[in-house]
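Novice:
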Amino acid sequence: MNRILLAIALCSSATSLPAAAQAPMPKYGVTVTAEKDVDFATFTTYSWTQGQPSFDKTIDAQVTAAVDRELSALGMTKAASGPGDVLVAYYSLSRTDVNLKAKPDSSGLYPHYSVGTLVVALLDPASRRRLLRLRVDQPIDTQPDKLQAAIDSAVAALFAKYPTRQRK
Numbered sequence: 000m001n002r003i004l005l006a007i008a009l010c011s012s013a014t015s016l017p018a019a020a021q022a023p024m025p026k027y028g029v030t031v032t033a034e035k036d037v038d039f040a041t042f043t044t045y046s047w048t049q050g051q052p053s054f055d056k057t058i059d060a061q062v063t064a065a066v067d068r069e070l071s072a073l074g075m076t077k078a079a080s081g082p083g084d085v086l087v088a089y090y091s092l093s094r095t096d097v098n099l100k101a102k103p104d105s106s107g108l109y110p111h112y113s114v115g116t117l118v119v120a121l122l123d124p125a126s127r128r129r130l131l132r133l134r135v136d137q138p139i140d141t142q143p144d145k146l147q148a149a150i151d152s153a154v155a156a157l158f159a160k161y162p163t164r165q166r167k
């Protein structure tokens, strides 16, 4: 929380910088990094390993359930014991972005909004080498009643780019 407040304070103080020194707005969306020598169609089982989960246990459970659903839709099952064909980990981060190109409000503050970053990684169980990294950055509505839909949408967007899926 202190980091978020510090980031907002720093971004608010950055408004006095000349326009050339201001950073452009970040791009949002999904990025995929896959190892080229891996046949993702051969993976049939997976097991979870530690990543950087959300500190909120409810959100952690929602992300894990959403990833489990997507892996199941790919034909993968959770290994009953021991490591599966791949290890799965997720990493989450939330931040506040400030739109320095927008017009400030009457108090001089620029619009800001919450952004979520979610990374799902598939790792080789023997070497822990990263085989696939799926990352999504997108503005999120942090209201509890809308967060589940945002998580489901983000995870579905990630797995829509899974290497064995046909792109639409």
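In case it helps, numbering that gives the first Met the number 0 puts the sequence shown at residues 0 to 167. Ideal placement from N, C-alpha and C gives every residue a C-beta, glycine not left out. No experiment lies behind these values; they were computed from the predicted model shown.
#1: Over the uninterrupted beta strand (DSSP E) stretch that includes Thr-44, give me the two end residues.
#2: Which residue spans inside the segment 79 to 111 form an unbroken beta strand (DSSP E) run of at least 3?
#3: Taking its Cβ as the centre, do 16 or more other Cβ atoms sit within 10 Å of Phe-42, making it buried, or is it exposed?
#4: Out of Ala-149, Ile-139, Ala-148 and Leu-133, point me to the one whose CA is closest to Leu-202's CA.
#5: So, using beta-carbon positions, are Pro-124 and Val-87 closer together than 8 Å?
#6: Which value, in whole angstroms, describes the spacing of the CA atoms of Leu-108 and Ser-80?
#7: Quick one, which of Met-75, Ala-40 and Thr-32 has its alpha-carbon nearest Arg-128's?
#8: Using the Cα positions of Leu-177 and Gln-142, report the straight-line distance between them to the nearest angstrom.
#9: Should the segment 36 to 52 be called in touch with the segment 61 to 78, which here means at least 3 C-beta pairs below 8 Å?
#10: Rounded to the nearest angstrom, what separates Leu-146 and Ile-139 at their Cα positions?
#11: What's the C-alpha gap between Leu-99 and Gly-28?
#12: What does DSSP give as the partner residues of Thr-76 in its beta bridges?
Specialist: Quick look at the numbers:
#1: Indexing the sequence shown from 1 puts residue 44 at position 45. Here the beta strand (DSSP E) through Thr-44 covers 44 to 47.
#2: 85 to 97
#3: Taking the sequence shown and counting its residues from 1, one reaches residue 42 at position 43. Answer is buried; the Cβ neighbour count reaches 16.
#4: Because residue 202 is not part of the residues shown, which for the chain are 0 to 167, the question remains open.
#5: As a working mapping, residue 124 is identified with position 125 in the sequence shown. As a working mapping, residue 87 is identified with position 88 in the sequence shown. No; because the gap between Cβ atoms is not below 8 Å, this pair is not in contact.
#6: In the sequence shown, the residue the question calls residue 108 occupies position 109. In the sequence shown, the residue the question calls residue 80 occupies position 81. Looking at the two C-alpha atoms, the distance is approximately 53 Å.
#7: Position 129 of the sequence shown holds residue 128. If we check each option's Cα against that of Arg-128, Thr-32 comes out closest.
#8: Past the boundaries of the shown model lies residue 177; the chain is included only from 0 to 167, so the question cannot be answered.
#9: yes
#10: Residue numbering aside, residue 146 sits at position 147 when the sequence shown is read from its first letter. Residue numbering aside, residue 139 sits at position 140 when the sequence shown is read from its first letter. For Leu-146 and Ile-139, the gap between their C-alpha atoms comes out near 8 Å.
#11: Along the sequence shown, read from residue 1 onward, the residue named residue 99 stands at position 100. Along the sequence shown, read from residue 1 onward, the residue named residue 28 stands at position 29. Between Leu-99 and Gly-28, the C-alpha separation is close to 20 Å.
#12: If you number the sequence shown from 1, residue 76 lands on position 77. Beta-bridge pairing links Thr-76 to Thr-44.
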